[in-house]
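Q:
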Amino acid sequence: MIITKTPFRMSFFGGGTDMENFFRENGGAVLSTTFDKYCYVNVRHLPRFFDYSTELSYSSTERVTEVDDIQHPAIRNAMKMLDMHEIRLTYEADLPARSGLGTSSSFAVGMLNAFYALKGKYADKKRLADEAIYLERVLCQEAGGWQDQIAASYGGFNRINFGPDGYEVLPLIISSERKKQLNNNLLMFFTGFTRFSSEMQKANNVSAADKKVQLKEMLVLVDEAEQVLVNKERNLDDFGRLLDHTWKLKKQTGAKISTNSIDAFYERGMQAGALGGKLLGAGGGGFLVFYVRPEKQEVVKEAMRDLMYIPFEFENGGTRVIHYSPEAYEPR
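What follows is the structure, given as structure tokens:
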């Protein structure tokens, strides 16, 4: 039996510039972190006492005898890619799917990690990220960028650069005190709305030619935000103001990025004292994050009382196997 634990990610700056048809020509960069909310993938070989050979439990339950009959596209394609047979897989998570935290990519990374471990093989972070990107973007043909798979695999607070030759992951060197201060100044709320990120990407078409001006300006903000974090002479509150700036730019890249309800919640948070914030993910719903000075946080929480407040801490682990036990059964 294998259990993997894979973090969700919080993307601050550069979202949209990680789309391949944008960064291959224009370059791209993302500033993001993973945090202490996870998905768990449990995989073992299925004992041969059943009239089906594979059992899957996620938001639905599937029992099949042929891999091609699996309805879940990521599981079906991952099993075919890594030649997996006769397994029982279960998925659990600390937060809901389709909520703007890269949950589907965290699942893909954690699943691949579990499959390799079940085979007795080690896959490093880059391999897991690369294969999760290939799984979701090529095999499953889901629209979207590359940042989620990389963040889930590597973990930590990183700048991820994209270009013609692929990507590089650069951990941000931030003092522990400054990092803790940033963490303490961020408040996250669940809007209650969920959506499929790939569908939002198609609807918004964020990398279309007429959106390049906004995306290029959002790319510049990655440099500015990084300097705020690493330069102790900079006022950390500027990070919050830059969040407001990038959110306003993000809304210009697609008609479905925001909704009237989300705009109303955002405005309520700003009027209560937040310096900035943004909706996480491709848009349309999920989680709102605000940068708020400590003395204003109770006021902002009260203003957002209709939403669920989610406390969190930054984490550094990335995906990992947290349980391994030898199998009594091997696939036929």
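Just so it is clear: in the sequence shown, position 281 is 271 by the numbering used here, and no numbers are missing. Every residue gets a Cβ at the ideal spot worked out from N, C-alpha and C, and that includes glycine.
How about F3 and L211: do their beta carbons lie closer than 7 Å?
A: Yes, these two residues count as a Cβ contact at 7 Å.
Q: With distances taken between CB atoms, is the gap from I150 to Y157 smaller than 7 Å?
A: It is a contact, given that the beta carbons lie within the stated cut-off.
Q: Just how far apart, CA to CA, sit K201 and F180?
A: Between K201 and F180, the C-alpha separation is close to 28 Å.
Q: Closest to L79 by CA distance: which of S89, D253 and H62 is it?
A: Out of S89, D253 and H62, H62 has the C-alpha closest to the C-alpha of L79.
Q: Leaving out the 5 sequence neighbours to the left and right, which residues in its chain are closer than 7 Å to Y314 when beta-carbon positions are compared?
A: If we look at Y314 and ignore the five residues flanking it on each side, its Cβ neighbours are I(-8) and A107.
Q: Any idea what DSSP makes of P284, helix, strand or coil?
A: Looking at P284 - three-state DSSP - the assignment turns out to be helix.
Q: Taking the Cβ atom as the reference point for each residue, do G266 and D234 lie within a distance shorter than 7 Å?
A: A contact, by the Cβ cut-off of 7 Å.
Q: Decide if G182 is buried, meaning its Cβ has at least 16 other Cβ atoms within 10 Å, or exposed.
A: The residue is exposed, with fewer than 16 neighbouring Cβ atoms inside 10 Å.
Q: Suppose the cutoff is 6 Å on Cβ atoms and the five residues either side in sequence are ignored; what does the same chain contact list for L129 look like?
A: The residues are N67.
Q: If you draw a straight line from the alpha carbon of M74 to that of V20, how long is it in whole angstroms?
A: The alpha-carbon atoms of M74 and V20 are separated by roughly 33 Å.
Q: With the cut-off set at 7 Å, would you say F243 and G6 are in Cβ contact?
A: Before going on, a small fix: residue 243 reads as Thr here, not Phe. Closer than 7 Å, so yes.
Q: Within its chain, find whatever has a CB closer than 7 Å to the CB of S95; leave out the 5 residues flanking it on each side and keep chain order.
A: Closer than 7 Å at Cβ, skipping near neighbours: A122, E126, D138, Q139 and A142.
Q: Assuming L85 and K27 are in contact, meaning their beta carbons sit under 8 Å apart, how far apart are those beta carbons, in whole angstroms?
A: 5 Å between Cβ atoms; contact.
Q: Determine whether the beta carbon atoms of K286 and G263 lie at a separation below 7 Å.
A: Going by C-beta atoms, K286 is nearer than 7 Å to G263.
Q: I'd like the list of long-range same chain contacts for G92, defined as Cβ closer than 7 Å, with 5 residues on each side in sequence excluded.
A: Excluding positions up to five away in sequence, the list reads F(-2), R(-1), D138, A141 and A142.
Q: Could you give the residue range of the alpha helix (DSSP H) that holds A264?
A: Careful: A264 lies outside any alpha helix (DSSP H) and carries neither H nor E.
Q: So what's I(-8) in DSSP terms, helix, strand or just coil?
A: The answer is strand: DSSP assigns I(-8) an E or B state.
Q: Please classify Q191 as buried or exposed, where buried requires at least 16 neighbouring CB atoms within 10 angstroms.
A: In this prediction, Q191 scores a pLDDT of 47, lower than 50, which makes its location untrustworthy; the coordinate-derived value is nonetheless stated afterwards. Result: buried.
Q: Going by DSSP in three states, N148 sits in which element: helix, strand or coil?
A: Reduced to three states, the DSSP call for N148 is strand.
Q: My output table needs one value for T24: the three-state DSSP class, helix, strand or coil.
A: The answer is strand: DSSP assigns T24 an E or B state.
Q: Please report the Cβ distance between F25 and E216, rounded to the nearest whole angstrom; I am assuming they are in contact, meaning their Cβ atoms lie under 8 Å.
A: That pair is no contact at about 19 Å.
Q: Which residue marks the beginning of the beta strand (DSSP E) containing V159, and which one marks its end?
A: Element bounds for V159: G156 to P161.
Q: Determine the contact status of L176 and Y281, defining contact as a CB-CB distance below 7 Å.
A: Going by C-beta atoms, L176 is nearer than 7 Å to Y281.
Q: Who are S248's beta bridge partners in DSSP?
A: Beta-bridge pairing links S248 to no other residue.
Q: Going by the beta-carbon positions, is the gap between G90 and F277 smaller than 7 Å?
A: Against a cut-off of 7 Å, the Cβ pair of F277 and G90 comes out as a contact.
Q: Consult DSSP for F277 and reduce its assignment to one of helix, strand or coil.
A: Looking at F277 - three-state DSSP - the assignment turns out to be strand.
Q: To which residues of the same chain is L118 closer than 7 Å at the C-beta, ignoring the five residues directly before and after it?
A: V99, L102, N103, S143 and T309, listed in sequence order.
Q: Can you look up R295 in the DSSP assignment and give me helix, strand or coil?
A: The answer is coil: DSSP assigns R295 none of H, G, I, E or B.
Q: Could you give the distance in angstroms between the alpha-carbon of Y112 and the alpha-carbon of E292?
A: The alpha-carbon atoms of Y112 and E292 are separated by roughly 47 Å.
Q: I need the boundaries of the beta strand (DSSP E) containing M178, first residue and last residue.
A: Unbroken beta strand (DSSP E) run through M178: L176 to F180.
Q: Do you know how far the Cα of V31 is from the Cα of E82?
A: Between E82 and V31, the C-alpha separation is close to 7 Å.
Q: Which complete alpha helix (DSSP H) runs does the stretch 10 to 83 hold, if anything under 4 residues is left out?
A: If we require 4 residues or more, the alpha helix (DSSP H) runs fully inside the stretch 10 to 83 come out as 10 to 16 and 63 to 71.
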